[in-house]
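What follows is a single structure, written as structure tokens, with notes after it.
Protein chains: 2
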Amino acid sequence: MTVSSSSPSLNLSQKLLQAHLVQGDMTPGNEIALRMDQALLQDVLGTLVMLELEAMGLERVHTQPSVQYIDHGLVQADNLNADTYLFLKSACERFGVWYSGPGNGISHPVHMERFGVPGQSIVGCDSHTTAAGALGMLAIGAGGIEVAMAMAGEPLYITMPRVWGVRLEGELPDWVSAKDVVLELLRRHGVSGGKNCILEYYGPGLAGLSAMDRHVIANMGTEMGATASIFPSDETTRTFLAARGREADWQPLAADVGCTYDVEEVIDLSTLVPLIALPSSPDKVVPVSDVAGQPLHQAYIGSSGNPGYRDFAVVSSMVKGRTVAEGVSLDINPSTRQVLSTLIRDGYLGELVASGARLHQAGCNGCIGMGQAPAVGRNSLRTVPRNFPGRSGTREDSVFLCSPETAAASALNGVITDPRSMPMAYPRISEPDTMVMNRDVFTAPLPIEQARLTPLQKTDNTPALPTMAPLPDCLEIPVLLVTGDNISTDDIMPAGQRVMPYWSSIYASAPFTFESVDSTYAQRSEETRLLGGHAIVGGYNYGQGSSRENAALVPRYLGLQAVVAKSFARIHWQNLVCFGALPLTFIDERDAERLTLGDCLMINHLHDQLAKGQTLQAEIVGKGMLELHHGLTERQRELLRVGGVINHLKARQISA
Amino acid sequence: MTVSSSSPSLNLSQKLLQAHLVQGDMTPGNEIALRMDQALLQDVLGTLVMLELEAMGLERVHTQPSVQYIDHGLVQADNLNADTYLFLKSACERFGVWYSGPGNGISHPVHMERFGVPGQSIVGCDSHTTAAGALGMLAIGAGGIEVAMAMAGEPLYITMPRVWGVRLEGELPDWVSAKDVVLELLRRHGVSGGKNCILEYYGPGLAGLSAMDRHVIANMGTEMGATASIFPSDETTRTFLAARGREADWQPLAADVGCTYDVEEVIDLSTLVPLIALPSSPDKVVPVSDVAGQPLHQAYIGSSGNPGYRDFAVVSSMVKGRTVAEGVSLDINPSTRQVLSTLIRDGYLGELVASGARLHQAGCNGCIGMGQAPAVGRNSLRTVPRNFPGRSGTREDSVFLCSPETAAASALNGVITDPRSMPMAYPRISEPDTMVMNRDVFTAPLPIEQARLTPLQKTDNTPALPTMAPLPDCLEIPVLLVTGDNISTDDIMPAGQRVMPYWSSIYASAPFTFESVDSTYAQRSEETRLLGGHAIVGGYNYGQGSSRENAALVPRYLGLQAVVAKSFARIHWQNLVCFGALPLTFIDERDAERLTLGDCLMINHLHDQLAKGQTLQAEIVGKGMLELHHGLTERQRELLRVGGVINHLKARQISA
């Protein structure tokens, strides 16, 4: 598609939003509706999306392409993963979705290589879908149900973000790379600093960043809570696509000269130093030199957080002729089949293996706790985007986030090491003119006549979704859980090999809910399920992290009616509403201290109150009144009134 | 060491046995004691061995080298695997053992590459330790406690086997390889056909079999129940060692001219066809052509069952320029770091990846149910040595065993395929003159002064072993379980990602005992534990399969006092005795029908009876008398009298 440039002096984000705008006006804070061109699914969340498409009675997806990736559940410890592949492949055949099987790699870089098109929009049921912004796409992560709606041809509803212009100046010094750029932003602004913003990158510093470097930065915009991250489509983009035989998909895209940004920021790349996020939050960022010398147990290379050819090639160049320190596991996780093939061709893989590194299959792997869990309390340096507690698979973990350069230097020395101390010239990696073109290992959608006849291959582990009751007009519910700040979706619904194979069944995954926060929550909430439900009280940035809709859906199934928090992460807030749970914030944050575990929260005439304004009068039974805020649109209030999107779509289907 | 050839006309097995004989006379059926030169440990069974060394108060191991490999528990779904690595590495440092960390590959082929020496003896706590017979070693798998004893300088006790000469004639036809040779033996003789035998290979057909081809055959001698498999050390052996920079370790070894064998067999290699073992036993062997056309879900390449460079290179040559059939997972599991490095160097790995195969880390992986579990009921063709039900990780699996050629042809066609139908010339792979020499990624033993000061890094998952009571003089115990024939150690103590991380703790692994045979066994037996214990009644070949000592130790902990079976597999029989449980056989096999679930088995004056002869008078309470046989030596009766080897060694330590 061609992006209109009729309005003068728009930034690139505004141009892309305008080109996809279906409804609403583009004033920050307003709800707008956007047409989605493409859709991305991964396996552990795609299962629910496919069940939702089935429940909606969808004939064929509208988003082109829609692609189902198998990249999370690759361990196959028992039949569940492989059974899921069969279910998803059958669902792809049924609904007209591309299928990328296990072994092809991580959805985000594979999508960039194979399907990403500058100027198009994409929604994915994975929070790091934002990475496609590296190609000049309007790329947004969302809950699975929102992706299902987009696949059904409905628009995606978002809060119109502010556009935050990040001007990159200068050139990165030796031993400093893209990961350090985004870690610098996290250092400056924290894990909720980008909320309701699009981070738009521009300026002369871009020239030194390859398309996959930009992916690294766009990927972790999610860790700042940003709605999207957008890069221009320029010569670098063209080169990236050309090296993959896809130059025809390129078009130039840039902000208009003279455009403005809602927020302005400058990063002088030449001033950056190697940075590292300490355990256990992506924004606990310090210079590597601050923690140099601490012992190292593991160095993990790969994930959508550093998926580029260069991210592996630079490590290979550093370990060439050297040996990984005794007792350190240097774990190499190829990001895509294409990257792996090209690393083999160019001699980089051989050096990695010879140095003592461990080579793993291409996929998300340890980034999402699917293998490679470190020993208790031992330091693991990872190039992944997240280090929330326990996400590695080890409950008492100690995970740092850093660049491949820092991870490799540390693996060689056996202690955390500033890569600038390496006794060698910095190996600047050139992007290859052509990547290895593998034979086509993607399965294209079936023609519609065949698709109609394809049954879904369901199992006990892909049961139909439960029916949700409408939100009642009078809530009188106990506070069952009070959490701290920055509760992540990992805290709510754990990932990892132990739990993820069950994500396709909300019944089977329910017992794991909130287990690291309060292991009694699942059982206590189950008891409230048929008795009017319960409330949760959260802190700031409640629901940060991944897009996993089961972090809303499963608590909702367990009786969650309302979450009252100081603030919410964007996707989780949407997910709560979509499944019929009420997200509220304190008007006076000091009230958070009044609403404690076991209190009874009462809200009368709820629907009237929601319709009348953004303030709700509530009562803490026995303690007095409480004012709460909601930011719900009329559309969202309707969803709550009927018990969520599924009921809403069911009703529409029945009336159609 | 130099093998004596003073006795005229000995076969090679007799020569190797004689050279290591410490005690006993070499008449088949007699117990003999053998000096062990080397010891091999893998991680999931090595943990118990290290705890046993600790219990024995060992200062430093006698076997040189002793090598601890990390190859089974590589998934690291949580902290347990990585914690185990730390424990094992500390134990290696403490006791003077080499440590081969995760990523170096599967113990058996790595040991051959790096440590195997023709003419030496080796015992390993892994049943496929026999594979080292490919180099002309006397290589025997045993329970961990027997390996611990050998490491402590004690001899290994075995029943003097008959020597079964297998004369290989002719040359293998195109598309037929080493796996088909050993499948032919399994077709002829079944999973217990080699019991109490050494399979000794000789003849002109040997010339066409590389050292790793011989490994394939020696490896699966274990599936015939053989004590060992022995190949001569010849020019092929010299070439193998030379390609790995170890020619100095070579010496020629062969049977004397004019020697004889207890059993004689001939295989004309030129008459063999591609063979396949059907689900779910290694001896259900038929020509591939009999099952050609059946749908395929997975093709698995790798394991100690086909670890050679050529086993991967031939697959690569077959898939070159082709694409794996849609929906089939072609899983490539490199066997060793050296093989992986050389496949990269020689261009084979690139072709595998380009064809759509999945590349996994080097290790045992799916062979032992650690990942790559297939979907329920879908056909998986594997080059691994075993296909016992559920061993893949999927309870209702459908696993076939075959050559790499058959697996690859099937993966390309999407149905089981006789590789002779491939539309290409057979790619005969030349062994490379030199393998890639990786930098030294093995950790050598510490000097004894340092070793003494190294503490074991224990965790909750490596608890001390329980104390076992002596076998009482009057047994009066209920039959708690009656099994069919060929019960494997996988049936007794399941493997796979779900269970194996707990093998280091007999308390944590106890609930899994016999779960696929009778899921109530563990709980019911726990109830008998403090009440005199219980008996199990088995069929033929009870305890076949792996050497895992916990298949004896854990039931013993749960109260097992006696197993009465029609026959036993060798290693498990030894393991039962070592942990103080009585293995007995029916003198009249028809009695097996009389001894049923819930019966009470009574044996009075047990120790007197054991000492007096090989027949025991027992009673099935209320049903009459029963004659049972035991084949125990005086040494073994002493072990039972004191409650097993650990008590025996403890007592010796106290008296010392």
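Chains A and B, in that order, are what the protein sequence lines are. Each residue of the first sequence is one higher than the last, beginning at 1 in our numbering. Each residue of the second sequence is one higher than the last, beginning at 657 in our numbering. From the three backbone atoms N, C-alpha and C, an ideal C-beta is built for every residue, glycine too.
| said: For a test of the three-state rule: what should DSSP assign to residue 230(A), helix, strand or coil? | reply: Taking the first residue of the first sequence as 1, we reach residue 230(A) at position 230. In this structure, residue 230(A) counts as strand in the three-state DSSP scheme.
| query | Going by the CB atoms, is the gap between residue 896(B) and residue 856(B) shorter than 9 Å? | reply | Locating residue 856(B) in the second sequence gives position 200, counting from the first residue. Locating residue 896(B) in the second sequence gives position 240, counting from the first residue. In this structure, residue 896(B) does not lie closer than 9 Å to residue 856(B) by Cβ.
| request: Use the C-beta contact count for residue 636(A): other C-beta atoms within 10 angstroms, 16 or more gives buried, fewer gives exposed. | output: Here residue 636(A) refers to the residue found at position 636 when the first sequence is read from its first residue. Buried: at least 16 other Cβ atoms inside 10 Å.
| request: Can you give me, in chain order, the residues of the segment 305–339 of chain A that have a beta carbon less than 7 Å from any beta carbon in chain B? | output: 323, 326, 327, 329, 337
| message | Quick check: the Cα distance between residue 10(A) and residue 253(A), rounded to an integer number of angstroms? | response | Position 10 of the first sequence, counted from the start, is the residue given in the question as residue 10(A). Position 253 of the first sequence, counted from the start, is the residue given in the question as residue 253(A). Going by the C-alpha atoms only, they are around 12 Å apart.
| message | Here's a check: name, in chain order, each residue in its chain whose Cβ is nearer than 7 Å to the Cβ of residue 659(B), leaving out the five neighbours to either side. | response | Sequence index remark: in the second sequence, residue 659(B) carries index 3 (1-based). Its pLDDT being 44, under 50, residue 659(B) is placed unreliably in this model, and the coordinates cannot settle the point.
| query | Is any beta-carbon of chain A found at less than 9 Å from that of residue 1299(B)? | reply | To locate residue 1299(B), count along the second sequence from 1; it is residue 643. Judged by the 9 Å Cβ criterion, residue 1299(B) is not in contact with chain A.
| Element boundaries [beta strand (DSSP E), containing residue 722(B)] | For this step, residue 722(B) is matched to residue 66 along the second sequence. Residue 722(B) -> beta strand (DSSP E) spans 722–725.
| field | Any chain A beta carbon closer than 9 Å to residue 1099(B) | value | Within the second sequence, numbered from 1, the residue matching residue 1099(B) stands at position 443. At least one chain A Cβ lies under 9 Å of residue 1099(B).
| field | Residue burial classification, residue 260(A) (beta-carbon count within 10 angstroms, cutoff 16) | value | Residue 260(A) sits at position 260 when you count from the first residue of the first sequence. For residue 260(A), the number of other beta carbons within 10 angstroms of its own is below 16, and it is reported as exposed.
| What residue ranges within the segment 440–504 of chain A form continuous beta strand (DSSP E) runs of no fewer than 3 residues, ordered along the chain? | The segment 440–504 of chain A contains these whole beta strand (DSSP E) runs: 475–482.
| task | Take residue 256(A) and list the residues in its own chain whose beta-carbon comes closer than 6 Å to its own, dropping the five residues that flank it on each side. | result | Taking the first residue of the first sequence as 1, we reach residue 256(A) at position 256. These residues qualify, in order along the chain: 9, 10.
| Relative to the alpha-carbon of residue 375(A), which residue among 690(B), 710(B), 743(B) has its alpha-carbon at the smallest distance? | The sequence position of residue 375(A) within the first sequence is 375, counting from 1. Closest option to residue 375(A), Cα to Cα, is 743(B).
| Does residue 728(B) have its Cβ less than 9 Å from a Cβ in chain A? | Translated into the one-based positions of the second sequence, residue 728(B) becomes position 72. Contact with chain A is absent for residue 728(B), since none of that chain's Cβ atoms lies less than 9 Å from the residue's Cβ.
| request: Identify the contact partners of residue 742(B) in chain A, using a Cβ-Cβ distance below 7 Å as the criterion. | output: To locate residue 742(B), count along the second sequence from 1; it is residue 86. Result: 375.
| said: Let's see if you can read the secondary structure: which residues bound the alpha helix (DSSP H) around residue 748(B)? | reply: The residue given as residue 748(B) occupies position 92 in the second sequence. Element bounds for residue 748(B): 735–751.
| query | Since residue 1251(B) is in the alpha helix (DSSP H), which residue starts that stretch and which ends it? | reply | Position 595 of the second sequence, counting from 1, holds the residue named residue 1251(B). Careful: residue 1251(B) lies outside any alpha helix (DSSP H) and carries neither H nor E.
| request: State buried or exposed for residue 1130(B), treating a residue as buried only when at least 16 other CB atoms are found within 10 Å of its CB. | output: Translated into the one-based positions of the second sequence, residue 1130(B) becomes position 474. Flag for residue 1130(B) reads exposed.
| message | Going by beta-carbon coordinates alone, are residue 1218(B) and residue 1201(B) separated by less than 9 Å? | response | Numbered from its first residue, the second sequence carries residue 1218(B) at position 562. Numbered from its first residue, the second sequence carries residue 1201(B) at position 545. Cβ distance not < 9 Å, so residue 1218(B) and residue 1201(B) don't count as in contact.
| field | Contacts of residue 344(A) in chain B (Cβ-Cβ under 8 Å) | value | Within the first sequence, the letter at position 344 stands for residue 344(A). Simply 1000, 1005, 1006, 1009.
| query | Is the shortest distance between the beta-carbon of residue 534(A) and the beta-carbons of chain B less than 9 Å? | reply | To locate residue 534(A), count along the first sequence from 1; it is residue 534. So no, residue 534(A) is outside the interface.
| said: I need the DSSP call for residue 1011(B), collapsed to helix, strand or coil. | reply: Taking the second sequence and counting its residues from 1, one reaches residue 1011(B) at position 355. Here residue 1011(B) sits in coil by DSSP.
| Nearest CA to the CA of residue 407(A): which residue from 560(A), 380(A), 512(A)? | Sequence index remark: in the first sequence, residue 407(A) carries index 407 (1-based). The candidate whose alpha carbon is nearest that of residue 407(A) is 380(A).
| Residues of chain B with CB under 8 Å from residue 498(A), in chain order? | In the first sequence, counting from the first residue as 1, residue 498(A) sits at position 498. Those are 733, 734, listed as they occur along chain B.
| residue 144(A) lies in the alpha helix (DSSP H); which residues open and close that run? | By 1-based counting over the first sequence, the position of residue 144(A) is 144. Start and end: 144–151.
| query | Of all Cβ atoms in chain A, is any one closer than 9 Å to the Cβ of residue 686(B)? | reply | Residue numbering aside, residue 686(B) sits at position 30 when the second sequence is read from its first letter. With 9 Å as the cut-off, residue 686(B) does not count as an interface residue toward chain A.
| request: Could you check what DSSP says for residue 1298(B) in three-state terms: helix, strand or coil? | output: For the purposes of this step, residue 1298(B) is taken as the residue at position 642 of the second sequence. Three-state DSSP puts residue 1298(B) in a helix.
| For residue 812(B), which option in 833(B), 779(B), 788(B), 823(B) has the closest C-alpha, if you only look at C-alpha atoms? | As a working note, residue 812(B) is residue 156 in the second sequence. Closest by alpha carbon: 779(B).
| Span of the alpha helix (DSSP H), counted from its first residue to its last, around residue 853(B) | Taking the first residue of the second sequence as 1, we reach residue 853(B) at position 197. Per DSSP, residue 853(B) belongs to no alpha helix (DSSP H); it is in the beta strand (DSSP E), 853–858.
| Under the three-state DSSP convention, the category residue 410(A) falls into | Position 410 of the first sequence, counting from 1, holds the residue named residue 410(A). Note: residue 410(A) maps to helix in three-state DSSP.
| query | Could you give the C-beta distance for residue 974(B) and residue 1065(B), rounded to a whole number, given that I count them as a contact under 8 Å? | reply | As a first step, residue 974(B) must be located in the second sequence, where it is residue number 318. As a first step, residue 1065(B) must be located in the second sequence, where it is residue number 409. At roughly 7 Å, the Cβ-Cβ gap stays under 8 Å, so residue 974(B) and residue 1065(B) are in contact.
| said: Considering only their Cβ atoms, is the gap separating residue 900(B) from residue 1038(B) smaller than 9 Å? | reply: By one-based count along the second sequence, residue 1038(B) stands at place 382. By one-based count along the second sequence, residue 900(B) stands at place 244. In this structure, residue 900(B) does not lie closer than 9 Å to residue 1038(B) by Cβ.
| task | Please state if the CB of residue 1018(B) and the CB of residue 992(B) are separated by a distance shorter than 9 Å. | result | Along the second sequence, one-based indexing puts residue 992(B) at 336. Along the second sequence, one-based indexing puts residue 1018(B) at 362. A contact, by the Cβ cut-off of 9 Å.
| task | Express the C-alpha separation of residue 508(A) and residue 74(A) in angstroms, rounding to a whole number. | result | Sequence index remark: in the first sequence, residue 74(A) carries index 74 (1-based). Sequence index remark: in the first sequence, residue 508(A) carries index 508 (1-based). Cα to Cα, the separation comes out at about 19 Å.
| task | Under 7 Å Cβ to Cβ from residue 750(B), same chain only, skipping five residues before and after it: list those, please. | result | As a working mapping, residue 750(B) is identified with position 94 in the second sequence. So the qualifying residues of the chain are 1107, 1110, 1112.
| query | Measuring CA to CA, which of 265(A), 404(A), 235(A) is closest to residue 310(A)? | reply | Residue 310(A) sits at position 310 when you count from the first residue of the first sequence. Looking at the Cα atoms, 404(A) is the closest of the given residues.
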